[in-house]
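What follows is a short report on a single structure.
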Amino acid sequence: KNPRHPTTWHARDYGLVAANPFGKRYFKAGDGALTLQKGETVTFAYRFFFHEDSNEKIDIPTHYKTWGESYRHKANFK
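Per our numbering, residue 2 is the first one in the sequence shown, and the count goes up by one each step.
Below, the structure written as structure tokens:
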């Protein structure tokens with residue numbers, strides 16, 4: 002599970018698509034900070050899935066579940 006799941010996404014009509022877990026202060030109450038102690042690491046995992054058909058035709062929940070089952074989360078949060 003990514004820190005701050007679900008992630009806030011940022012998209013623009015000129016082609017920018019980005020995951021933005023640090024933009025929290027612009028979307029909800031909070032300062033957006035994520036503090037790691039010395040020696041700690043964090044891993045983020047995202048998948049972009051672009052398609053032309055409707056969400057119902059593509060069955061996005063099944064694609065998401067398949068991806069989630071194949072990913073092994075490496076971060077160790079205390």
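For each residue, glycine too, the CB sits at the ideal point set by N, CA and C.
Which residues bound the beta strand (DSSP E) around residue i?
{"i": "residue 11", "result": "10-12"}
Along the alpha helix (DSSP H) that carries residue i, what are the first and last residues, could you check?
{"i": "residue 67", "result": "61-71"}
On the DSSP bridge list, what partners appear for residue i?
{"i": "residue 18", "result": "12"}
Please return the same chain residues whose Cβ sits closer than 6 Å to the Cβ of residue i, not counting the five positions on each side in sequence.
{"i": "residue 39", "result": "none"}
{"i": "residue 59", "result": "52"}
{"i": "residue 17", "result": "none"}
Starting from the C-beta of residue i, find all residues in its chain whose C-beta is less than 8 Å away, skip the five residues before and the five after it, and write them out in chain order.
{"i": "residue 19", "result": "10, 11, 12"}
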